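Chains as they are written, first to last, in our numbering: chain A, 169 to 467; chain B, 4 to 299; chain C, 3 to 329. Just so you know, even glycine gets a beta-carbon here, dropped at the ideal spot from N, CA and C. Note that the structure is a prediction, hence the values are computed from the model and not measured. The structure appears right after this line, and notes come after that.
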Amino acid sequence: MVETVVAGNGDGVAAAVPRRHVWHRGTVQILATGIPLLLLAVAAVAAPWLPIPDAGAIDLSSSLSPPVWLDGGSWDHLLGTDQLGRDLATRLLWGARLTLLIAFSSTIIGAIVGTTLGMLAGYVRGWTDFAISRFVDAQLAIPFLLLAITIMTARGQSIGAIVAVLAIIGWAQYARVIRAEVLTLRSRPFILGLRIAGASPARIIFRHVLPNIADTLLVLATLQIGYVILAESALSFIGLGVASPDISWGAMLADGRELMTSAWWLVAFPGLSITIVVVLISLLGDGVKARFDPRARTR
Amino acid sequence: MLTLLLALTIAFFLARAAGDPARQVLGNLASEQAVAALNKQLGYDRPLVVQYVSFIGDTLTGNFGESLRYSRSNLTLILERFPATLQLTAAALLIAIVIGGLLGLLSALRQGSLLDRIANFGTLVLLSLPLFWLGLMLAELFAVRFQLLPAGGHGEFRHLILPAVTLSGYVLGQIARLTRASMISVLREPYIALARAHGIGATRIAFVHALRNAALPVVTLIGVQSGMLMSGAVTVEFVFAWPGIGLLTTDAVLARDVPLVQALVVFGAIMFVAINLIVDITYAVIDPRTRAPRHG
Amino acid sequence: MSGKGPLLEVRGLCVECDDPLGKIIPVEDLTFTLAPGDIVGLVGESGSGKTTVLRGLTGQLDANCRVVGGSVSFRGQQVLTADASSLDRIRGSEVGVVFQNAMTSLNPVLKVKTQINEVLRAHDAVPRDQRRAWMRQQLVQLGFRDPDRVLDSYPHQLSGGMAQRVAIAVATCCRPSIVFADECTTALDVTVQAEVVRLMRDLAEQKGTALLFITHDLALVAELCTRVIVLYGGKVVESGTIDQVMQAPRHPYTRALLDAVPLFAERRRLVGIGGLPPVVRKGFVGCRFAERCELVVAACRTEAIPWTSIGPGHGHLCIRPLHAETP
């Protein structure tokens, strides 16, 4: 019976119990969702060089042909064509390019601006905090689409404007969350020790605070990408976002809308693409959170 | 209040953000004179500070300016369309609360079950899809294919169904998830364990003892999500040609009617603040801890 | 012991919990009885398993724990194998429970009258039109001077002591024959504690309610209880009447506990017991107290320790007891 005697004082010394290899929580989820997304991103970037039909190739003879599995479909055009005979699958890929580009850039800009302001507000406190927080509240009080509309109407449409608009919409979320994080971090002993020791605020913020909020930031940013994709598609749909000849999934929905009854695939697939990508991103975000966020570790 | 003021300020500056409102309206081919004349007419040639002050002043006195396109008071235009949007939003919120709440409740009571997992995935999808796309697909399915419901228009109850269901999507997902999490958390509380220990039945505990506690965060959520509802209303009204504020917004946008757009944003901000106020009051009503003082 | 026969008989209760590093045994071989009017103190420090005992008895073990041995019978009826609805009938009407922190054991959004009413309603103990009067009377007996106002109050409006008395009202509103009290005085200040202790004693003496008082406070047990069970590492290490155990403790742990509590007039260094109680996993051999015992010998760690019975309800679990002679 000797080998089953286990140390009795609860320190977890379990010499006799075999240890299963424990994956970090969430790693599986990250891989399962991240890899398809990565493949998509790579394919989108590589689109110009891939052996697929040209996105702008107009071929009126095969206008409005359905996906391959329906009557009238052909393997030349897997998912069908639009009214100008342009291949839908290719356009989806090109749409991914722009959609993802916009999503990433605006998320990064928004994250940088929001995090900086959030850290400032949370760390420096006082009037800075007050001003920034009121600003954040004010911006969050305006429904995002209305905000976007205002800017776009005054500004006009260009990819840069769209990115700017989405960044402006997004930064407030970062600021709010990061500020809260920094506030709790600020009173932790190790930060207090640094302040007493005379380290400069800038140094403390960038070298000590930032690494500790990095995981929250990562989770937030991942989820924000999804929201931005949805926001961009809404904007493009009402005609305020990406406009021809540029392709984004939202714009494709706007184009396809009129023809929906006769060519449902023009609406179904772009929308489905958006949904699937955002679902994958949300799951990725959950996985990242499970893997990295120390507060979520319950085991 | 300060928040509102700041929100207005933001709206103001963004509208002026760059570019010339008059040029936006008239387009690139218009002559300089025409642009200047319009600017003068609209007051955009005054110094920025003056514009700002008069903007705030006007807003506070209810003057939201005049639409370029319709040449009528913006406020009147907005208020005309408001009831329709209110109807739509209220219906959507009702659907979201009832179905979302029920779904969340059942998921919490049957954690880990098939229902729970389906609900979990379903709400995830609801939170991920573009609302207007859902609207389009629903319209296609129910209106065109099955001829069950009208695809657009306004007037009878049946016109309300598809738009309301569509609009409820996102908030429904949020409410379902939060209700579930909140309910699970409440069910772990000592007072629930005590009630069980004294033999009170599980169903009664869920609905009478737990639900009211679990509902508190959801009420707050609704306040926060009202912004999303308003944004959603814009696209949903666009899809279903529902004559509300959302449609007004898209029309104004396409016509580059800057004053109207600005007025709409102001209105939106005011609405958001007002809704959150109502939410705070509701919260106080439901949670006795916020109102009754201590004694004894 | 007064009354007809035991109300509650617990024999050899064993609880097992799952754990990634191996199964944990928080309670093993627990045996005791409760008769009407008994006031039994279950004493143990944190980690001794006393909370698990309560959960096991009321059927509220965590999802990863289960009863793996022994029996619990209430008035001769087996409890562990009973179905949910018969259990629900007993709970509240025959067995009342009072938790440690009254503020968290009362529902914050329901008024006091509603909370007591819920229990009354579940067991149909009192006709609806008489309930208010019943509740008032209960509160008066518990020392409230303004019962109507308390009935219409919310828990957060009450002080800690008042809340605890309300919790007692909830537990006793159907006149149960047994009350389990889990550390119910720990969160209170001393004067209020005294109140609650008095109330508990009245319950036992005047109404014949059997009390199981779970606590780590030995002084309290000495004051209130008629019998005591000392729990360590999930096992009963000593039991007997208050006089038997307090005046002539046999088990080294009991002795150490008594030493740790200075009497009011004493001035001496506080004597603690070094170390922590063990986490007992399946396959644990020997005495649980061995790591911290001053009288330990090799045999304590390697042999199964038998129960030494000195008299009815009086015994200990040590192979080198103090006062080795018979009482």
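Do you know how far the Cα of residue j is from the Cα of residue i?
| i | j | result |
| --- | --- | --- |
| Ala122 (chain B) | Val236 (chain A) | 33 Å |
| Ala104 (chain C) | Ala213 (chain B) | 17 Å |
| Gly277 (chain C) | Val456 (chain A) | 40 Å |
| Met233 (chain B) | Pro311 (chain A) | 6 Å |
| Pro28 (chain C) | Arg257 (chain C) | 23 Å |
| Arg120 (chain B) | Leu165 (chain B) | 26 Å |
| Asp126 (chain C) | Ile118 (chain C) | 12 Å |
| Thr211 (chain C) | Val199 (chain C) | 14 Å |
| Ile415 (chain A) | Ala264 (chain A) | 8 Å |
| Leu288 (chain A) | Arg347 (chain A) | 8 Å |
| Val304 (chain A) | Leu285 (chain A) | 10 Å |
| Thr331 (chain C) | Val42 (chain C) | Lying outside 3 to 329, the shown extent of chain C, residue 331 (chain C) is not represented and no answer is given. |
| Leu78 (chain B) | Ala399 (chain A) | 27 Å |
| Pro149 (chain C) | Ala84 (chain C) | 38 Å |
| Thr253 (chain B) | Phe135 (chain B) | 13 Å |
| Leu108 (chain B) | Leu89 (chain B) | 27 Å |
| Arg363 (chain A) | Arg375 (chain A) | 13 Å |
| Arg229 (chain A) | Trp243 (chain A) | It should be pointed out that residue 229 (chain A) corresponds to Ser in this sequence rather than to Arg. Roughly 15 Å between the two C-alpha positions. |
| Cys67 (chain C) | Gly49 (chain C) | 15 Å |
| Glu120 (chain C) | Ala340 (chain A) | 46 Å |
For a test of the three-state rule: what should DSSP assign to residue i, helix, strand or coil?
| i | result |
| --- | --- |
| Glu18 (chain C) | strand |
| Leu214 (chain C) | strand |
| Thr79 (chain B) | helix |
| Leu32 (chain C) | strand |
| Val152 (chain C) | helix |
| Lys113 (chain C) | coil |
| Ile27 (chain C) | strand |
| Arg93 (chain C) | strand |
| Ile231 (chain C) | strand |
| Phe460 (chain A) | helix |
| Asp283 (chain B) | helix |
| Cys67 (chain C) | strand |
| Arg113 (chain B) | coil |
| Lys52 (chain C) | helix |
| Val263 (chain C) | coil |
| Ser185 (chain B) | helix |
| Gly317 (chain C) | strand |
| Phe241 (chain B) | helix |
| Ser161 (chain C) | coil |
| Ala84 (chain C) | coil |
| Asp219 (chain C) | coil |
For chain B, is any of its Cβ atoms less than 8 Å away from the one on residue i?
| i | result |
| --- | --- |
| Gly58 (chain C) | no |
| Pro28 (chain C) | no |
| Gly94 (chain C) | yes |
| Arg425 (chain A) | yes |
| Phe160 (chain A) | No statement about residue 160 (chain A) is possible, as the shown extent of chain A runs from 169 to 467 and does not include it. |
| Met428 (chain A) | yes |
| Asn119 (chain C) | no |
| Asn177 (chain A) | For Asn177 (chain A), the predicted structure reports a pLDDT of 41, less than 50, and the residue's modelled location is therefore unreliable. The matter cannot be settled from this model. |
| Val219 (chain C) | It should be noted that the sequence gives Asp, not Val, for residue 219 (chain C). Taking Cβ atoms only, chain B never reaches closer than 8 Å to Asp219 (chain C), which makes this a no. |
For chain C, is any of its Cβ atoms less than 8 Å away from the one on residue i?
| i | result |
| --- | --- |
| Tyr286 (chain B) | no |
| His201 (chain B) | yes |
| Ala198 (chain B) | yes |
With a threshold of 8 Å between beta-carbons, can residue i be considered close to chain A, or not?
| i | result |
| --- | --- |
| Thr185 (chain B) | The sequence as given places Ser at residue 185 (chain B); Thr does not occur at that position. No - not a single Cβ of chain A is within 8 Å of the one on Ser185 (chain B). |
| Ala277 (chain B) | no |
| Ile208 (chain B) | no |
| Ser234 (chain B) | yes |
Residues of chain F with a CB under 9 Å from the CB of residue i: which are they?
| i | result |
| --- | --- |
| Val435 (chain A) | Among the chains of the structure shown, chain F does not appear; the protein chains present are A, B and C. |
Can you tell me the Cβ-Cβ gap for residue i and residue j, rounded? I've got them flagged as a contact below 8 Å.
| i | j | result |
| --- | --- | --- |
| Ala422 (chain A) | Gly407 (chain A) | 6 Å |
By the 9 Å beta-carbon criterion, what residues does the segment 133-144 of chain B contribute toward chain A? Pro133, Leu134, Phe135, Trp136, Leu137, Leu139, Met140, Ala142, Glu143
Contact set between the segment 442-453 of chain A and chain B, restricted to residues whose Cβ is under 7 Å from the partner: Ile442, Thr443, Val446, Val447, Ser450
Residues of the segment 212-232 of chain B whose Cβ lies closer than 8 Å to any Cβ of chain C, in chain order: His212, Arg215, Asn216
Below 9 Å between beta carbons is the criterion; list the residues of the segment 78-112 of chain B that meet it against any residue of chain A, in chain order. none
Using a Cβ-Cβ cut-off of less than 8 Å, list which residues of the segment 406-420 of chain A approach chain B; keep chain order. Ile406, Gly407, Leu408, Gly418
Selection of the segment 243-268 of chain B by Cβ proximity to chain A, strictly under 7 Å: Thr252, Thr253, Val256, Leu257, Arg259, Val261, Val264, Gln265, Leu267, Val268
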